[in-house]
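J.: Dropping the structure in here first, questions after.
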Amino acid sequence: MTSTTISTHFKHLYIIGNGFDIHHSINSSYSNYRNWLEENEPDIYSQLCDLYGVSTDEDEAHEWWSDFENMLSEIDLYDYVENVVVENYPDFSSDDFRDRDYHAAEFAAENELGALIYHIKRTFNAWIASLDKADSTKRIHLERENSLFITFNYTRTLEDLYRIPDEQIVHIHGMVGEDELILGHGKNYAELKEELEIAQPQPPADLDEYELQDWYSSHSDFMTQQTQEVAISQIAFLQKDVEQIISENHSIWNSLGEVETIHVFGFSFSGIDTPYLSTIIRHINTDKVKWEISAFSNRDREKAQTFMIDAGIKENLWAPLVALCDVQKYKQLSLFDDL
Numbered sequence: 000m001t002s003t004t005i006s007t008h009f010k011h012l013y014i015i016g017n018g019f020d021i022h023h024s025i026n027s028s029y030s031n032y033r034n035w036l037e038e039n040e041p042d043i044y045s046q047l048c049d050l051y052g053v054s055t056d057e058d059e060a061h062e063w064w065s066d067f068e069n070m071l072s073e074i075d076l077y078d079y080v081e082n083v084v085v086e087n088y089p090d091f092s093s094d095d096f097r098d099r100d101y102h103a104a105e106f107a108a109e110n111e112l113g114a115l116i117y118h119i120k121r122t123f124n125a126w127i128a129s130l131d132k133a134d135s136t137k138r139i140h141l142e143r144e145n146s147l148f149i150t151f152n153y154t155r156t157l158e159d160l161y162r163i164p165d166e167q168i169v170h171i172h173g174m175v176g177e178d179e180l181i182l183g184h185g186k187n188y189a190e191l192k193e194e195l196e197i198a199q200p201q202p203p204a205d206l207d208e209y210e211l212q213d214w215y216s217s218h219s220d221f222m223t224q225q226t227q228e229v230a231i232s233q234i235a236f237l238q239k240d241v242e243q244i245i246s247e248n249h250s251i252w253n254s255l256g257e258v259e260t261i262h263v264f265g266f267s268f269s270g271i272d273t274p275y276l277s278t279i280i281r282h283i284n285t286d287k288v289k290w291e292i293s294a295f296s297n298r299d300r301e302k303a304q305t306f307m308i309d310a311g312i313k314e315n316l317w318a319p320l321v322a323l324c325d326v327q328k329y330k331q332l333s334l335f336d337d338l
């Protein structure tokens with residue numbers, strides 16, 4: 000997304016996550032993306048599962064897909080590179096050998112990984128565009144006046160169902176039909192490289208100096224090193240650069256000084272997205288701002304509680320947690336009458 004300039008100061012801040020759309024009967028979970036991909040792009044689905052070693056056990060596969068963005072960094076790069084190098088190792092004795100054959104493995108990795116990344120982004124965009132509209136009977140109570148909405152969703156639920164003006168909404172990761180949608184994992188090039196180095200086998204402890212040199216030579220040839228660099232770079236392209244997004248939208252955070260209540264609806268408190276909340280906390284009066292937080296499951300509840308406690312927010316400002324169906328049913332909550 001492009002950076003957004005916000006000049007108005009707000010009393011209500013809404014943090015809208017995917018659970019908000021799911022509450023409105025939109026099939027927008029990563030498991031739904033998996034089903035869509037398997038049905039509409041079976042070749043891409045199979046390639047993705049094979050490359051990432053997604054388990055054939057349904058429970059394990061469900062767990063992988065439920066954490067889809069983070070799992071995009073969890074390819075076994077060491078084994079992948081080893082296999083690509085073996086499959087593309089040149090025949091130096093062949094009359095057809097050319098110097099370019101030294102680079103066959105890295106070209107193969109670049110082409111395969113680059114194509115898969117392209118198709119992940121392409122199919123994800125197509126899936127988002129195919130989602131149904133929100134169920135209007137599932138409306139919840141939202142304060143429209145003096146409110147800013149930061150949504151992590153790509154859909155237009157706030158605009159189309161709630162008629163929230165565009166100038167009050169920030170699609171922090173882009174919006175369907177208008178932006179390049181931002182998705183991905185949280186690891187940068189250096190972190191991926193360090194993980195690959197850790198995964199590499201270590202030499203036996205009893206080798207002398209010359210044997211150690213021979214061992215390293217046999218395990219770190221030019222083709223392997225170059226292919227590793229290419230593979231790391233490709234997976235790094237799938238990073239969601241949260242720090243950059245936060246930096247580009249500094250005017251949003253600077254507009255939060257007068258916020259009195261923060262409503263966190265359908266937000267999963269995933270580690271890749273909590274830096275946004277940490278940034279918000281640095282720009283508000285943490286001793287006074289009240290929080291209304293939804294939690295769908297016990298796991299959601301535990302993650303929300305852990306984050307708020309670690310952030311040092313007083314419990315009387317954010318407890319109890321609520322369910323979106325309660326906000327829908329009762330329309331107006333009075334959680335803080337006793338404060």
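Position 320 of the sequence shown, counted from 1, bears residue number 319 in numbering that gives the first Met the number 0, the numbering being contiguous throughout.
For every residue, glycine included, the Cβ atom is placed at its ideal position computed from N, Cα and C.
Only a predicted model underlies this, so the values are computations on that prediction, with no experimental measurement involved.
Tell me whether V169 sits in a helix, a strand or coil according to DSSP, three-state version.
T.: Three-state DSSP puts V169 in a strand.
J.: Output the distance between the C-alpha atoms of E73 and E57, rounded to the nearest integer angstrom.
T.: 18 Å
J.: How many angstroms separate the CA atom of N341 from the CA atom of K302?
T.: The shown model of the chain, from 0 to 338, leaves out residue 341, and the question about it has no answer.
J.: Return yes when the Cβ of M222 is within less than 8 Å of the Cβ of V84, no when it is not.
T.: Their beta carbons are under 8 Å apart, which means V84 touches M222 by this criterion.
J.: Answer with buried or exposed for Y117, where buried requires no fewer than 16 other C-beta atoms within 10 angstroms of its C-beta.
T.: exposed
J.: Within a Cβ cutoff of 6 Å, which residues of the same chain sit near Y32, ignoring the five residues on either side of it in sequence?
T.: W126
J.: In three-state terms, what does DSSP make of K289?
T.: DSSP places K289 in the strand class (E or B) of the three-state scheme.
J.: Can you check whether the CB of G270 is closer than 8 Å to the CB of G185?
T.: yes
J.: Name the two residues that bound the continuous alpha helix (DSSP H) containing V84.
T.: L76 to E86
J.: Provide the residue(s) that pair with I15 in DSSP beta bridges, ordered along the chain.
T.: T150 and F264
J.: Would the beta-carbon of I292 fall within 8 Å of that of V263?
T.: yes
J.: When you compare each of G16, F9 and H8 to D272 by their alpha carbons, which one comes out closest?
T.: G16
J.: Can you find at least 3 beta carbon pairs, one from the stretch 162-173 and one from the stretch 59-79, that sit closer than 8 Å?
T.: No contact exists between the stretch 162-173 and the stretch 59-79.
J.: Does the Cβ-Cβ distance between F148 and Y13 come in under 8 Å?
T.: yes
J.: Would you identify the three-state DSSP class for D325, choosing helix, strand or coil?
T.: helix
J.: Under a three-way DSSP split, which group does H8 fall into?
T.: coil
J.: For F266, which residues of its own chain have a beta-carbon under 6 Å away from its beta-carbon, when the five flanking residues on both sides are left out?
T.: I14 and G16
J.: Taking contact to mean at least 3 C-beta pairs separated by less than 8 Å, is the stretch 103-111 in contact with the stretch 126-136?
T.: no
J.: Quick one, are the C-beta atoms of F183 and L71 less than 8 Å apart?
T.: With the sequence shown as reference, residue 183 is identified as Gly, and Phe is not the correct amino acid for it. Cβ atoms of G183 and L71: closer than 8 Å.
J.: Could you tell me the distance, in whole angstroms, from the CA atom of I197 to the CA atom of Q238?
T.: 20 Å
J.: Please classify Q199: does DSSP put it in a helix, a strand, or coil?
T.: coil
J.: By Cβ distance below 8 Å, which residues in the same chain neighbour D336 in space, the five residues on each side in sequence not counted?
T.: Residue placement at D336 is poorly supported in this model, since its pLDDT is 45, which falls under 50; the coordinates still yield a value, given next. Correct list: empty, nothing qualifies.
J.: Among N248, P274 and T260, which has the Cα closest to the Cα of A318?
T.: T260
J.: May I have the straight-line CA-CA distance separating Q46 from E59, to the nearest angstrom?
T.: 18 Å
J.: Between the C-alpha atoms of D100 and I21, what's the straight-line distance to the nearest angstrom?
T.: 50 Å
J.: Where does H184 sit, in a helix, a strand or coil, going by DSSP?
T.: The answer is strand: DSSP assigns H184 an E or B state.
J.: Return the residue from the list V288, L191 and N297 that minimises the CA-CA distance to G311.
T.: V288
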